[in-house]
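The sequence shown maps to residues -20 to -1, 1 to 160 in mature numbering (1 follows the signal peptide of the UniProt record, and there is no 0).
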Amino acid sequence: MERTSFLAALLCLGSGSADAAAPGVYQSPPCIFAAVGMEPIMECRFPPMEASEIVFMSWYKEERRLSPSDRRFRRYENLTAGSASLRIPRVQAQDAGVYTCEVGTNTHSSTGNGTKLEVQGSTPPRNQSAMEGCVHVTAPQEEKGIIILLRNVVGAVLLLTLALAVIIVHFMSGPTGDSE
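Below is the structure:
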């Protein structure tokens, strides 16, 4: 049983080059449903390597390499720890697509399994089976008017109570001057 689990884990990690020395690259989540304006995050994991072993780490959208100088994307890399991530601040509809990461050394490279990014309004798709295992990055629900009203009323009551307490303390302390 343990051997089967170990082999299954190895199969999950590996994609890309069939070379036995090639690092397994795994991406998560497999898919993201993001509302316009939100910030989806894609993770890329691979076996830790010495910094001198890693020649490159790249991200692709629909098999087109994303330029490291493109400010639309934020990359975070800790190559010696075996992790990297790609963030898309204020995601837009045109950002939808499949994103993959690739890690390469002098002798081989491996590509991740990909993350499908779907960008839409604040509601996720209705196809529930397509949503399994996916991350949803949506805008927080707007507060109901009654909640806002109650918060404002409670704040006003607290402020008036504090002001009244200050006035009472001032009058109870009596005159401050010396009289003989």
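Even glycine gets a Cβ: it sits at the ideal position worked out from N, Cα and C.
If you ignore the 5 residues before and after VAL115, its C-beta comes within less than 6 Å of the C-beta of PRO9, ILE12, all in its own chain and listed in chain order.
Annotation: ASP75 to GLU33 spans about 32 Å, alpha carbon to alpha carbon.
Residue environment for SER90: buried (at least 16 other C-beta atoms within 10 angstroms of its C-beta). For LEU97, the secondary structure class from DSSP, reduced to helix, strand or coil, is strand. DSSP places CYS24 in the uninterrupted beta strand (DSSP E) bounded by 21 to 25. Taking a contact as a CB-CB distance under 8 Å, the pair ARG54 and ARG67 counts as one, their CB atoms being some 4 Å apart. GLU82 places its beta carbon less than 8 Å from that of SER38. If you draw a straight line from the Cα of VAL146 to the Cα of LEU139, it is about 11 Å long.
With a threshold of 16 other beta carbon atoms within 10 Å, GLU98 meets it and is buried. Looking at GLN72, THR87, GLY62, LYS96, the one whose alpha-carbon comes closest to that of GLY17 is GLN72. Per DSSP, the beta-bridge partners of ARG67 are ILE21, ARG54. Under the DSSP definition of a beta bridge, GLY84 partners with PHE36, SER89. Linking THR95 to GLU57 through their CA atoms gives a straight-line distance of about 17 Å. In the structure shown, GLY135 falls within a helical segment according to DSSP collapsed to helix, strand and coil. Just so you know, the alpha carbons of THR60 and GLU43 end up roughly 25 Å apart. For ALA143, the secondary structure class from DSSP, reduced to helix, strand or coil, is helix. Non-local beta-carbon contacts of PRO69 in its own chain, meaning distances under 7 Å to residues more than five positions away in sequence, involve GLU19, ARG54 in chain order.
THR80 is classed as buried because its beta carbon has at least 16 other beta carbons within 10 Å across all chains shown.
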